[in-house]
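2 protein chains.
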Amino acid sequence: MTANQSDNTKPLRIALAGVGTVGVGVIKLLDTNADLVTARAGRPIEIVAVSARNKGRDRGVDLSPYAWEDDMTALAARGDVDVVVELVGGSDGPALALARNAIAAGKSLVTANKAMIAHHGQALAAAAEDKGAALKFEAAVAGGIPIVKGLREGAAANSIERIYGILNGTANYILSTMEHSGADFGATLKDAQELGYAEADPTFDIEGVDAAHKLSILAAISFGAQIDFDAVDCEGISSVRAADITQADALGYVIRLIGMADVEATAGESPALLQQVKPCLVPKGHPLAHTTGATNAVVAEGNFSGRLFFQGAGAGDGPTASAVVADIIDIARGETGSPFSIPTAQLVPMTRAVSDNRTGQAYLRFTVTDKPGVLAEITAAMRDADVSIESLIQQGRANDGGEVLVALVTHDGPEGNISKAVELLKGSESLTAPPLIMRILSE
Amino acid sequence: MTANQSDNTKPLRIALAGVGTVGVGVIKLLDTNADLVTARAGRPIEIVAVSARNKGRDRGVDLSPYAWEDDMTALAARGDVDVVVELVGGSDGPALALARNAIAAGKSLVTANKAMIAHHGQALAAAAEDKGAALKFEAAVAGGIPIVKGLREGAAANSIERIYGILNGTANYILSTMEHSGADFGATLKDAQELGYAEADPTFDIEGVDAAHKLSILAAISFGAQIDFDAVDCEGISSVRAADITQADALGYVIRLIGMADVEATAGESPALLQQVKPCLVPKGHPLAHTTGATNAVVAEGNFSGRLFFQGAGAGDGPTASAVVADIIDIARGETGSPFSIPTAQLVPMTRAVSDNRTGQAYLRFTVTDKPGVLAEITAAMRDADVSIESLIQQGRANDGGEVLVALVTHDGPEGNISKAVELLKGSESLTAPPLIMRILSE
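Protein sequences, first through last, are from chains P and F.
For the first sequence, position 375 (counting from the first letter as 1) is numbered 375 according to our numbering, and the numbering increases by one without interruption.
Adding 1000 to a residue's 1-based position in the second sequence gives its number in our numbering.
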């Protein structure tokens, strides 16, 4: 047994910052599952103090057993707290101040805050290591799925060749709903908002920013790379139309918002990290194609393990609380190693990979005016950019705006050529909107 | 940091018992991924000694850097070994002797031996805890999938309501091959043997024994139950015919060999553990239906996490080595807690649950003689046992033996009634073989 485990039979004392749905979930979990959590942690886990914006609000749980702090940062200074659980959110501001102060005071920090970890995780990890404190963020990536642990420990023996998956439940809900209903993006988003699957301001979810936060965290753990959120090449799903989903279906694919990262190692050069969040065509035989609704899923390809697939609820109070308390149990057991698997000082800076040389198939969809010569113009651009076309579909009927869709699937070829073709078509009077380009995921 | 982590910057010294395909995989992994394993483990991992039956055999790896022991048990006595890795196999015999001796000598044990853990895991765990040594067996369940860690740590905050999955790659390979080829069981098994997917004596795989070993381990971790391999209700796939797969397909299902465990808690009574390995009908929309070939997959349903799904290679040198080395890295990091998540002394003895009161839908298939009155006899038995029939399919044409298949799907109802119906039909001259009964997994 480790020193922590044998020494500590005393309760592990928790402070909770933020008592929204997830915070309430944590309180309920620690109450409902108290006995088994104690048995698995090796000692009781006790909430001693809480802080939130509104003390009086009815949350359906009794907060009176816990000390209350109006100023959340005061939780970091309490002598009776071992672990601060940050459930406030926001990459900076009060959450970051609390995290910094808690770690500076030698306390361990558990957080569900993907934006904060994506932006400041590396500095916080270095500070935590310096203090011998734990920094844990299982709940920050893919909700209840133990993917941080899966990569950091479960797949620890592997060189990860590629990590990719469905990292945003709202976007996946919208895409898979469009698949079944045939409705367009706008209407589906509106429904999702009414049903509570999308927020009033859905930007972070539908534009891929939330997925990019998570991807940058997974990439750091997978590749031993310094976190580089700003280098994520990010594109959302708002340009995906019902017609694209229909076309994809006819070709044997579904459309998913995929976050993907891998490393290009070229002899003599520093490694280059590719990080992309983009809507992709996924073959129906691929496990990600069967990931529907608000579910998340991650594929990790290890050089010895082969493909590992993890799937589960990507959000929600129960799943997120499950991940938060798993981290707390780890700390109670004495598991306080490097947050990103290797010591933070050893994380390697990587350049941003250019995807131009990547080869693969792609789906291109153009919205064009309904007039002669348009197809010739598009196919000529493809030819001139050396893009080989596997199939081309023109949706015959113009819609109310006199607009016609032309979709094509390319043969395997460099992505750079596609960019070149699109560049050649820029400014064309035939195109009524920028084309939508989606990579086709290999089986 | 724990004492182990901060104290130990010295190499962790390994002895390898068994240098077959998996042992060679471990040697290759530790060589290929040496730098990243050292970084993630916090210190180098060094093989110092090996033992196997045949010293001279060419394994494609150089064993000369390591001390050689003719007697495997001698590895446990070596003063220069911290961790013994047992890759010999067999529930008893040399593997068990080595495991006992290693732990008695205060060494940690890592094993891929599901039979040994299913039969002796609890005693070994108690001994390891007593000595402050680690006992780890990630590779014993579902190959490269980190499911032991996923349950023991990732889902640690949850009361697990049910654990189930595809735990044998050979059986799954055979069933999913039958699905695509339309061939019968015997021919498919023969092909699988020729291709190396099934062993010369495939009994443990096709009769569900191997899956039962794994299930009993997962059940102990999930439910805090004492391991009870003998209580697994076990049925193999050799009775499954091509016609069953065709019928299932027409009804919207595939057939999979499913290991499943859950706990029935009745107030005032000791909890009852249900453990079953049986071929089941799986709805095509369920993630287990998309688990094909030699792949394994496990579903854990937690009371807060909801459904967690893990999928990956169930066997093979690379995936198994990945799991073995993940355990070694854990030990290097100082993670040496209770093997079954809670202290072994706290594992609860559970009675064997009777499934008669379970309700659900079932698929029944009768092989009958081609004569009048057979259907009336079967349906009368169903009526008399209070089994409600949703659909009934008679395969019209008799085969060479004058045998006809009658398949039916029941409405939701108690399993006990089905047993009763089958009992009523026992001894009937119309039936040419015992009926095949398969549960239908709910979505």
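The beta-carbon is built from N, C-alpha and C at its ideal position, and this holds for glycine as well.
Small disclaimer: the values here were computed from a predicted structure and weren't measured.
Identification of residues in the stretch 341 to 354 of chain P having a C-beta nearer than 8 Å to some C-beta of chain F yields S341, I342, P343, Q346, given in sequence order.
Assignment of F:S1430 by DSSP, reduced to helix, strand and coil, places it in the coil class. Beta-bridge annotation (DSSP): F:E1264 is paired with F:A1272.
Identification of residues in the stretch 1257 to 1275 of chain F having a C-beta nearer than 8 Å to some C-beta of chain P yields an empty set. A distance below 6 Å between beta-carbons, with the five flanking residues on each side excluded, links F:S1430 to the following residues of its chain, in chain order: V1368, T1369, V1374, E1377. When Cβ-Cβ separations below 8 Å define contact, F:Q1395 makes no contact with chain P. Residue environment for F:K1214: buried (at least 16 other C-beta atoms within 10 angstroms of its C-beta).
For the pair P:L135 and P:Q394, the Cα-to-Cα distance works out to about 53 Å.
Here the stretch 305 to 322 of chain P makes no contact with the stretch 1327 to 1347 of chain F; the two share fewer than three CB pairs at distances below 8 Å. Within the stretch 318 to 332 of chain P, those residues whose Cβ lies closer than 7 Å to any Cβ of chain F are, in chain order, G318, P319, A321, S322, V325, A326, I329, D330.
A Cβ-Cβ contact shorter than 8 Å links P:A95 with P:V88.
Within the stretch 1147 to 1187 of chain F, the runs of alpha helix (DSSP H) at least 4 residues long that lie entirely inside it are, in chain order, 1169 to 1181. Taking the C-beta atoms as reference points, P:S322 is found no nearer than 8 Å to F:A1353.
The beta-carbon of P:V141 is placed no less than 8 Å from the nearest beta-carbon of chain F.
Counting along the chain, P:I206 sits inside the alpha helix (DSSP H) bounded by residues 203 to 206. Counted as a single uninterrupted DSSP element, the alpha helix (DSSP H) harbouring P:N417 occupies residues 415 to 425.
Around P:K149, the beta-carbon contacts reaching into chain F at under 9 Å are P1146, K1149, G1150, E1153, G1154.
Secondary structure at F:D1233: strand, using DSSP grouped into helix, strand and coil. Comparing alpha-carbon positions, the option among F:Q1226, F:G1259, F:A1433 lying closest to F:P1349 turns out to be F:Q1226. Taking the Cα positions, F:A1140 is about 26 Å away from F:N1303. Chain F has no Cβ within less than 8 Å of the Cβ of P:S222. At least 8 Å separates the CB of F:V1061 from every CB of chain P. In terms of Cβ geometry, F:D1317 and F:G1025 form a close pair [threshold 8 Å].
Excluding sequence positions up to five before and after F:P1319, its CB lies within less than 6 Å of the CB of G1143, G1144, A1313, all in the same chain and listed in chain order. As summarised for the stretch 1313 to 1360 of chain F, the continuous alpha helix (DSSP H) elements at least 4 residues long and confined to that stretch are 1317 to 1333, given in chain order. Using a CB distance cut-off of 8 Å, P:R57 does not count as an interface residue toward chain F. When DSSP states are grouped into helix, strand and coil, F:L1441 belongs to the coil group. If you look at F:S1051, you'll find it isn't in any alpha helix (DSSP H); it sits in the beta strand (DSSP E) that goes 1045 to 1051. For F:N1101, the enclosing alpha helix (DSSP H) has its first and last residue at 1093 to 1104. Beta-bridge pairing by DSSP links F:P1279 to F:L1257.
Of all residues in the stretch 1236 to 1256 of chain F, none comes within less than 9 Å of chain P when Cβ atoms are compared.
At a C-beta separation below 8 Å, P:P287 has these neighbours in chain F: P1287, H1290, Q1311. Residues of the same chain with a CB within less than 6 Å of the CB of F:A1017, apart from the 5 flanking positions on each side, are S1051, M1072, L1075, E1086, V1088, L1098 in chain order. For P:Q247, the enclosing alpha helix (DSSP H) has its first and last residue at 242 to 251. Proximity to P:A118 across P:A133, P:D130, P:G132, P:G90 peaks at P:G90, based on C-alpha coordinates.
Measuring C-alpha to C-alpha distances from P:F185 to each of P:I163, P:D233, P:I237 identifies P:I237 as the nearest.
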